[in-house]
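A.B. asks: Below: one structure in structure tokens.
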Amino acid sequence: MQILIIEDEPRAARQLQNLLSKSAFNFQLLDIIDTVEDAVLWFAQNTSPDLVFMDIQLADGLSFEIFQKVEVVAPIIFTTAFDQYAIQAFKVNSIDYLLKPIQNDELDTALQKFMNSNKAATQIEPVLLKELLSSMQTPQKRSGILVKEGSGFVQIRISELLYAYSQDSITFGVTHTKRYIIDETMDQLFDSLDDTKFYRINRGQIISKNSIYKIDPYFNHRVKLSITNPRDQEFIVSRQKTSDFKEWMNR
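For my numbering, count along the sequence shown from 1 and bump the result up by 32.
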């Protein structure tokens, strides 16, 4: 079985390769592609693979744009880190997808479903493509978040969240009065938040615009933020994001 992987995160691509190698399915990896532009060129110049694993959010745009620029006749299994709201379109339209981080049993189930199905190549219908594009570009944002408290869970309003950070692979959320454990990865949490109100200043920290009361220059062309209820955390915007962060603050 010839497989093509379209994925812009090297770690995620390696993980998928590793899971595939441990599966009971024999496969040949044709290529790993990380942009919409390169994927369009690949499909235009190569014979269709037997199966494509396709990430939704690529380095230069949404992977659905590939279908608008070139004919793709291979079966697709989408991989996504989008939250439960954004993947409703997949469930409704019976499109196969794997939610990141991909689990071994879920991959095996998807591969078995593919092997047992009619493998005749089909294209994504234009109407369905439009629905998926709309779903991914304007995902529904949550108003509440489930957090751990004692042996159970409580819900806090998103408007109460000042910031979130990752420490020892645990995601914490902080309000004016308390710190909570959030049972989600930083990727999952940020993808579910309104990006006009929250910004991921680096890989380990997400801040609310309303929590910032001062911005100071910091060495190496970065900026340091003064945040409400910092709890011994330092908030430094990465150099690569400083310019974009300033634009976001001005919106």
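Every residue gets a Cβ at the ideal spot worked out from N, C-alpha and C, and that includes glycine.
Alpha carbon to alpha carbon, how far is Gln272 from Asn148?
C.D. replies: Taking the straight line from one Cα to the other gives about 46 Å.
A.B. asks: Decide if the segment 222–229 is in contact with the segment 245–263; the criterion is three or more beta carbon pairs, one per stretch, under 8 Å apart.
C.D. replies: Segments in contact, no.
A.B. asks: For the segment 223–275, which segments carrying the beta strand (DSSP E) assignment without a break, of at least 3 residues, lie completely within its bounds, in sequence order?
C.D. replies: With a minimum length of 3 residues, the continuous beta strand (DSSP E) runs that stay inside the segment 223–275 are 230–234, 237–240, 244–250, 254–259, 267–269.
A.B. asks: How many whole angstroms separate the CB atoms of Leu83 and Ile109, which I take to be in contact at a CB cut-off of 8 Å?
C.D. replies: Right, the Cβ-Cβ distance comes to about 7 Å (below 8 Å), so this counts as a contact.
A.B. asks: Among the residues of its own chain, which have a CB less than 6 Å from the CB of Lys246, if the five just before and after it don't count?
C.D. replies: Contacts found: Ser258.
A.B. asks: So what's Val209 in DSSP terms, helix, strand or just coil?
C.D. replies: It is worth fixing the name first, because residue 209 is Thr in this sequence and not Val. Looking at Thr209 - three-state DSSP - the assignment turns out to be coil, as it is neither helix nor strand.
A.B. asks: Which same chain residues, not among the five before or five after Thr203, have their C-beta less than 8 Å away from its C-beta?
C.D. replies: Around Thr203: Ala196, Tyr197, Ile213, Ile214, Asp215, Glu216, Thr217, Met218, Leu221.
A.B. asks: How long is the line joining the alpha carbons of Ile134 and Ser201, rounded to whole angstroms?
C.D. replies: Those two C-alpha atoms are separated by around 17 Å.
A.B. asks: CA-CA distance, Arg283 and Thr228?
C.D. replies: Cα-Cα distance, rounded: 8 Å.
A.B. asks: Give the list of continuous beta strand (DSSP E) stretches no shorter than 3 residues that lie fully inside the segment 51–76.
C.D. replies: Qualifying beta strand (DSSP E) stretches, in chain order: 60–65.
A.B. asks: Between the C-alpha atoms of Gly184 and Val102, what's the straight-line distance to the nearest angstrom?
C.D. replies: Going by the C-alpha atoms only, they are around 50 Å apart.
A.B. asks: Could you check if Ser95 is buried or exposed, using at least 16 other CB atoms within 10 Å of its CB as the buried criterion?
C.D. replies: Answer is buried; the Cβ neighbour count reaches 16.
A.B. asks: What does a CB cutoff of less than 7 Å around Leu130 pick up in its chain, not counting 5 residues either side in sequence?
C.D. replies: Taken in chain order, the residues that qualify are Ile109, Thr111, Glu138, Leu139, Ala142.
A.B. asks: Which residue's Cα is closest to the Cα of Leu51: Lys132, Ser240, Leu193?
C.D. replies: Comparing Cα-Cα distances from Leu51 to each of Lys132, Ser240, Leu193, the minimum goes to Lys132.
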